[in-house]
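Enquirer:
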Amino acid sequence: MSSTTPLLPRNKKDEHPIFLRVCHSPWTGIGQNTLVGLRGLTAIYMTVSFILMINYDVNFNNAVNANVNKDGWSTVFDPPNIAYFMLTLYQWMAAIWTFMHLHYPHHRNGPQNASTRVQRFLSPPRQQESTKNKTWFSVFYYAALTFPHLTTLIHWAISVPMNQTAIPANAILGNGRYADFFVITKYAIVSLVALLEVFVYSSIRRPTPPTPQIAGISLLALLYIGWAYVGHEITGRYPYYFLDHRTVGPGNTAGAIIAFVAAANILFGFNLALTALRELLAHRSEQRSSGYTSLPQ
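Going left to right, the sequence shown walks through residues 3 to 299 as the working numbering numbers them.
1. Quick check on the burial criterion: 16 or more other C-beta atoms within 10 angstroms. Buried or exposed for HIS157?
2. Which residues bound the alpha helix (DSSP H) around GLY228?
3. Have a look at GLN121, PHE79, GLY42 and THR36 and flag the residue whose alpha-carbon is nearest the alpha-carbon of TYR92.
4. Can you check which of these residues, ASN115, TYR106 and THR210, is closest to SER125 by C-alpha distance?
5. Which of helix, strand or coil does DSSP assign to ASP59?
6. Can you tell me where the alpha helix (DSSP H) with THR154 in it begins and where it stops?
7. Hey, out of ARG23, PRO28, PHE21 and PRO19, whose CA is closest to SER287's CA?
8. With DSSP run on the structure shown, which of helix, strand or coil describes SER287?
9. Determine whether the beta carbon atoms of ARG207 and LEU274 lie at a separation below 7 Å.
10. By DSSP, does TRP99 sit in helix, in strand, or in coil?
11. Indicate the three-state DSSP secondary structure (helix, strand or coil) for ILE20 in the structure shown.
12. Is the distance from the Cβ of VAL38 to the Cβ of PHE139 below 7 Å?
13. Starting from the C-beta of TRP75, find all residues in its chain whose C-beta is less than 6 Å away, skip the five residues before and the five after it, and write them out in chain order.
14. What residue range does the alpha helix (DSSP H) around PHE386 cover?
15. In terms of residues, what are the limits of the alpha helix (DSSP H) holding THR77?
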């Protein structure tokens, strides 16, 4: 397999496992070596920025806003933190799989020893038709790329206009460089990384039908709502004001929960649309280049 050519099948049949599609960019200009570097840098950035975000959330933000994050527990229940962690975890999985697929693609051949077992553990799993591993991974993939958009949308479209942010809305871009980094990373760059993943890094195709993904994202959204109420019992604070039925009313809270789940699915649809656009443009790019149509399994 060439290390400078992407995965670009010419036919419509999705003959390549979803796990291998993580390891190939759809664009001819991004070869395997380049993709390994891009994924590695992205994973490192996500990790470092996540640590800085959590540090700010627990310490500096609490110093400016007393009792907002008592004992740091609110950090565990904050939706953007959960979404950021999911995307960071995915980026590390994708970076390691891409590296292993490039440098150790034949670890299952030959004698099995401690080294090859480690390589197998770190490599993309095999897609078995008799198991649901590809479906579970697809749900995780789309959830990791959807929830960052959801938390970003809620922040800029609801929390900021209603002045319900931990950092006051009128101080978002004037509360020090650390605060600016915190807000921009947590509510902008995370969505940019999600967009890059769908459009540039991965060649994962749209699921047909997307029923398991819709069910999975809906369930995860509801689980998060439950987690938010657990957080309220522990910290006495709701991560989103519209979850407080005593403030907005039980009817409005129920409507907000329904809207939360619906918005998650709408943004999942946005990721599908972006994937479709990428498939169309990549296909046109393939027609203008040599590409390749088969992949060693």
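Don't be surprised by glycine CBs; every beta carbon is placed ideally from N, CA and C. Everything numeric in this text was worked out from a predicted model, so none of it was measured.
Expert: Taking the definition as stated:
1. Buried: at least 16 other Cβ atoms inside 10 Å.
2. Taken as a continuous stretch (DSSP letters only), the alpha helix (DSSP H) holding GLY228 covers 213 to 237.
3. Cα-wise, what sits closest to TYR92 is GLY42.
4. Comparing Cα-Cα distances from SER125 to each of ASN115, TYR106 and THR210, the minimum goes to TYR106.
5. Per DSSP, reduced to three states, the secondary structure at ASP59 is helical.
6. The continuous alpha helix (DSSP H) containing THR154 extends over residues 135 to 156.
7. Minimum Cα distance to SER287 is reached at PRO28.
8. Assignment of SER287 by DSSP, reduced to helix, strand and coil, places it in the helix class.
9. Not closer than 7 Å, so no.
10. DSSP, read as helix, strand or coil, puts TRP99 in helix.
11. ILE20 falls in the helix class under three-state DSSP.
12. No, these two residues do not count as a Cβ contact at 7 Å.
13. Close CB contacts of TRP75 within its chain, under the 6 Å cut and outside five residues either way in sequence, are with ILE236 and THR237 (chain order).
14. For the chain, the structure presents residues 3 to 299; residue 386 sits outside this window and is missing.
15. DSSP places THR77 in the uninterrupted alpha helix (DSSP H) bounded by 75 to 79.
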